[in-house]
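Asker: Handing you a structure now.
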Amino acid sequence: MKFKSKHISITIFILFAAVPVLLGFGYALLYSFGLTGILSEGFTTEYWEKTLLATEFWKSLGFSLFIAAVVMTTSLFFSLWIVISWTKNLYKGLLSYVTYLPLAFPAIVMAFFSFQLLSKSGFISRVIFNLGWIDDLSQFPDWTNDAYGVAIIFSLCLLITPFFIILYSNLYQNERIPELKALAQTLGAKKNQITTRIIVPILLKKSAFTIMLFLIFVMGTYEIPLLLGRQDPSMLSVFIIQKLQKFNLADIPQAYAVSVIYILLIATLIAVVYKTRPAFFNPEKN
Amino acid sequence: MEPLLHIDNITKSFGSETVLHNVSFMLQEHEVLSVLGKSGSGKTTLLKILAGLEKEDDGTISLSRKRMNDTPPNKRNIVYLYQEPLLFPHLNVSENIAFGLKIRKQSPDVIKTKVEHMLAEIGLEEHAEKMPHQLSGGQRQRVSFARALIIEPKVLLLDEPFGALDAETRVQMQELFKKLSKKMKLTSIFITHDLKEALTMGDHIGKIELGHFKRYESKQDFYDDVDSGAQQEAAFWKQFN
Amino acid sequence: MKKALQILFILSIFFPIAFLLLLSLGRNWPYPELLPQSLSLENWEFLQKSDSKLLQTFFLSLGISILVATVTTALAFITSKHIALSKYRNKLMLLAYIPYVLSPVILAATLHFFFIYAGISGNVSGVLLAQFFIAYPFGVIILNNFWNHKTRAIEELSKTLGSSSWQTFKNVLLPISKNALLLCFFQTFLVSWFEFGLTNLIGVGSVQTLTVRVFSFVNEANIFYAALASCLLILPPMILIWINKRYIFATETVI
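Protein chains in written order, with the UniProt record's numbering: chain D, 1 to 286; chain G, 1 to 241; chain U, 1 to 255.
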């Protein structure tokens with residue numbers, strides 16, 4: 001009886017968690033090699049060649065990596081800074097509640113808000129105009145739909161920083177940093193030595209897995225670059241969906257080729273972590 | 001006299017590692033058997049098999065001459081107590097103690113009387129309404145005992161029950177256990193790695209090492225066994241005389 | 001200085017909320033006016049108008065998210081227990097992490113064909129299933145931590161004290177897992193509530209959840225209605241945070 005229910009439950013898990021990914025991957029693979037779909041004319045590497053030889057895909061991949069790196073660096077910097085300098089205030093009073101509020105913002109709302117704030121006719125542009133710093137809204141810099149993804153980065157940082165603030169303020173207590181700090185002091189460490197050699201390394205090391213997961217999340221983010229980014233370069237998710245929904249049917253297999261690369265990339269990353277740090281997957285060995 | 005618990009040739013392996021080699025021994029009714037065992041000796045596996053929480057590969061376990069290898073743990077009436085008290089965090093002291101009686105659907109009046117009696121035995125009447133996290137380590141261990149004793153188990157299995165307590169509390173708990181054990185005529189297996197504790201707590205002594213079990217005929221027997229470590233211990237103290 | 005920065009920080013968090021609320025009350029906002037003009041509750045009255053469907057949208061979203069969260073939590077509770085007992089625990093958890101980190105919209109793109117084939121593309125059941133595909137592995141990840149050595153020991157103890165499997169489940173496991181279950185419920189609720197790309201793709205625009213409406217209002221350049229729909233989106237999570245911020249944040253699950 002027990003034996004049975006266990007097997008049913010694990011089968012359900014594999015069916016609903018692993019099989020969809022595999023099916024999707026298989027379909028994308030077949031499509032990208034011309035083996036299925038509207039244009040299917042038998043096996044061809046044409047779409048893969050087109051994808052890999054065009055700069056468009058590499059630009060999109062590079063842009064996604066760039067955004068992910070900038071967003072994570074910025075968010076980590078601010079969250080560490082806030083947690084280390086405001087430690088005591090984060091546990092009680094208004095701050096302890098307010099920090100959680102940004103978690104109530106879905107990405108699409110954050111993107112909409114950022115647009116209304118940063119666009120040429122947005123709130124900041126109006127403030128600057130009223131201050132007399134610009135005479136016309138066209139003088140306001142391009143922060144939305146721009147080449148560097150300024151609004152995308154801003155929006156993602158707004159979403160991610162609060163998460164890391166809460167994570168780090170919890171870790172600060174769990175890892176007994178106040179005690180370690182006192183200990184380091186008695187050993188003769190100065191204030192900024194304690195920060196750079198004790199607090200920051202401990203927090204970063206303890207959150208390494210989370211940081212990696214967020215890098216992957218940011219690379220795959222969709223609604224924020226959809227509303228705030230431009231066509232070229234576009235982030236990976238937007239790139240794929242745009243190719244899928246274009247009128248040019250020949251673009252569809254390319255979209256699937258990129259999907260295959262994306263899924264492989266992520267599965268490889270997770271597998272590498274699994275091989276090198278199996279403890280991340282088993283809480284009892286942490 | 002007919003033994004209460006009869007363990008015959010119990011063997012257990014995990015993968016290629018054999019943790020119990022043909023373990024056989026008997027336990028008389030109302031007997032407290034101390035078993036000396038270090039971690040990794042197979043002691044926890046043995047107790048878990050007796051409680052029905054692990055399945056043996058081979059051998060038989062009988063209670064009052066009835067084979068019970070296939071009896072599920074909840075039907076055995078053998079309670080296995082861990083080193084940690086493991087109180088149910090969502091229940092207060094009284095509710096924790098009453099747990100086994102409620103499961104057996106005894107009437108509220110009976111439960112109330114029995115719990116009150118048990119609370120008096122362990123000296124925690126004042127703390128009946130407290131939640132587990134409000135108690136000290138020793139108090140928690142008392143509640144854990146009371147919760148097990150109230151269902152009058154046929155056999156009580158104790159896996160280093162006082163290992164996590166400080167020296168003073170440990171002595172208090174040993175005395176409490178001896179008192180209750182006598183009063184309630186308990187049959188129990190008491191595992192410890194402390195030589196002195198083994199000698200004070202048990203009517204008889206056994207030893208488990210690398211999956212091999214040995215039961216000594218008498219405490220003298222135990223002392224005479226060079227491997228038991230009792231002689232070295234005695235020699236150590238003698239040097240101060 | 002520190003105090004001033006903290007006040008600035010607090011203001012910067014309340015600013016988006018106030019800004020969106022204000023926009024939702026506006027009618028027009030000509031450049032370079034700082035605030036929208038002709039503020040009134042007229043847009044919010046739009047909610048009540050039966051042809052506006054925004055209130056229906058709200059309840060449709062709520063229904064979908066509650067359903068996804070309930071089914072996910074119940075199933076993930078059982079699954080995660082069996083995974084924890086399995087000797088392949090780490091390998092199975094690896095399988096849970098891949099859909100968890102995969103971009104939902106890309107997963108939807110590769111699976112859309114199968115949804116069309118099954119005839120559930122463009123309707124609520126398709127959206128429910130697709131959201132379940134991403135919420136369920138997440139639920140398993142959240143609850144995985146609950147099944148540790150101590151939980152197992154308590155479960156065994158309950159059995160030796162005489163409880164059957166069902167009694168142990170009802171009297172011990174369920175009560176001690178209450179917090180983990182609530183956390184799982186709220187987290188998976190939010191996954192569904194916040195989801196846009198996958199819902200829009202599998203729903204083909206005909207399953208109008210709140211996020212989909214925000215997007216279409218933005219596309220129609222109707223920023224006032226977009227702000228209104230945004231307010232409706234952030235309201236339930238804020239209430240959840242107000243009830244208990246612990247349920248919304250899963251530190252333990254992701255470390």
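The C-beta atom is built at its ideal place from N, Cα and C for all residues, glycine as well.
None of these values were measured; they are calculated from a predicted model.
(1) Contact defined as beta carbons within less than 8 Å: I believe residue 30 of chain G pairs with residue 187 of chain G. What is the distance between those atoms, to the nearest angstrom?
(2) Is it true that the CB of residue 208 of chain D sits closer than 9 Å to the CB of residue 198 of chain D?
(3) Considering just the uninterrupted stretch of the alpha helix (DSSP H) at residue 80 of chain U, what are its terminal residues?
(4) Which ranges does the alpha helix (DSSP H) cover as unbroken runs of at least 4 residues, wholly within the stretch 173 to 246 of chain D, from first to last along the chain?
(5) Give me the chain G residues within the contact set of residue 151 of chain U, using Cβ-Cβ distance strictly less than 9 Å, ordered along the chain.
(6) Out of curiosity, what's the CA-to-CA distance linking residue 92 of chain D and residue 86 of chain D?
(7) Taking 9 Å as the CB-CB cut-off, is residue 145 of chain U touching chain G?
(8) In whole angstroms, what separates the C-alpha of residue 225 of chain D from that of residue 237 of chain D?
(9) Any residues in the stretch 86 to 103 of chain G with a beta carbon nearer than 7 Å to a beta carbon of chain U? Which ones, in chain order?
(10) Does DSSP classify residue 21 of chain G as helix, strand or coil?
(11) Tell me, please, whether the stretch 181 to 195 of chain D touches the stretch 102 to 113 of chain D by the rule of three or more beta-carbon pairs shorter than 8 Å.
(12) Between residue 181 of chain U and chain G, is any beta-carbon pair separated by less than 9 Å?
(13) Using a beta-carbon distance below 9 Å, is residue 47 of chain D in contact with chain U?
(14) On the CB-based measure, 16 or more other CB atoms within 10 Å of its CB, does residue 227 of chain U come out buried or exposed?
(15) With a floor of 4 residues, list each alpha helix (DSSP H) that falls wholly inside the stretch 33 to 68 of chain D, ordered by position along the chain.
(16) For the alpha helix (DSSP H) containing residue 371 of chain D, list its first residue and its last residue.
(17) Answer with buried or exposed for residue 34 of chain G, where buried requires no fewer than 16 other C-beta atoms within 10 angstroms of its C-beta.
(18) Considering only C-alpha positions, which residue in the set G:237, G:181, G:159, G:200 is nearest to residue 37 of chain G?
(19) Helix, strand or coil, according to DSSP, for residue 178 of chain G in the structure here?
(20) Residue 93 of chain D lies in the alpha helix (DSSP H); which residues open and close that run?
(21) In the DSSP assignment, what are the bridge partners of residue 37 of chain U?
(22) Residue 79 of chain G touches chain U at which residues, Cβ-Cβ below 9 Å?
(23) Going by the beta-carbon positions, is the gap between residue 208 of chain G and residue 53 of chain G smaller than 9 Å?
(24) Would residue 197 of chain U pass as an interface residue toward chain D - the criterion being a Cβ-Cβ separation below 9 Å?
(25) Short of 8 Å Cβ to Cβ, which residues in the stretch 21 to 35 of chain U face chain D?
(26) The alpha helix (DSSP H) spanning residue 139 of chain U covers which residue range?
(27) If the cut is a Cβ gap below 8 Å, which residues of chain B does residue 66 of chain U touch?
(28) Report yes or no: is there a C-beta of chain U within less than 9 Å of the C-beta of residue 140 of chain G?
(29) With a threshold of 9 Å between beta-carbons, can residue 78 of chain U be considered close to chain D, or not?
(30) Show which residues of chain D have a CB atom less than 8 Å away from the CB atom of residue 238 of chain U.
(31) Could you check what DSSP says for residue 135 of chain G in three-state terms: helix, strand or coil?
(32) Alpha carbon to alpha carbon, what distance is there between residue 205 of chain D and residue 255 of chain U?
(33) Taking residue 79 of chain G as the reference, which of G:129, G:161, G:127, G:12 has the closest Cα?
(34) Which term fits residue 142 of chain G, buried or exposed, when burial requires 16 or more other beta carbons within 10 angstroms of its beta carbon?
(35) Mind the definition here: the stretch 73 to 91 of chain U touches the stretch 142 to 157 of chain U only if three or more C-beta pairs lie below 8 Å; say whether that holds.
(36) Restricting to runs no shorter than 4 residues, where is the alpha helix (DSSP H) found entirely within the stretch 49 to 114 of chain G?
Answerer: On the basis of the data shown:
(1) 6 Å
(2) no
(3) 54 to 85
(4) 177 to 186, 191 to 194, 200 to 206, 208 to 220, 223 to 228, 236 to 245
(5) Simply none; closest approach about 10 Å.
(6) 11 Å
(7) no
(8) 9 Å
(9) 86, 88, 89, 90, 99, 100, 103
(10) strand
(11) no
(12) no
(13) no
(14) buried
(15) 46 to 53
(16) For chain D, the structure presents residues 1 to 286; residue 371 of chain D sits outside this window and is missing.
(17) buried
(18) G:159
(19) helix
(20) 93 to 98
(21) U:28
(22) 157, 160, 161, 162
(23) no
(24) yes
(25) 23, 31, 32, 33, 34
(26) 124 to 144
(27) Given the protein chain composition of this structure (D, G and U), no chain B is represented.
(28) no
(29) yes
(30) 101, 104
(31) coil
(32) Any reading at residue 255 of chain U must be qualified, since the residue scores a pLDDT of 35, below 50, and its modelled position is unreliable; no value is offered.
(33) G:161
(34) buried
(35) yes
(36) 73 to 76, 93 to 103
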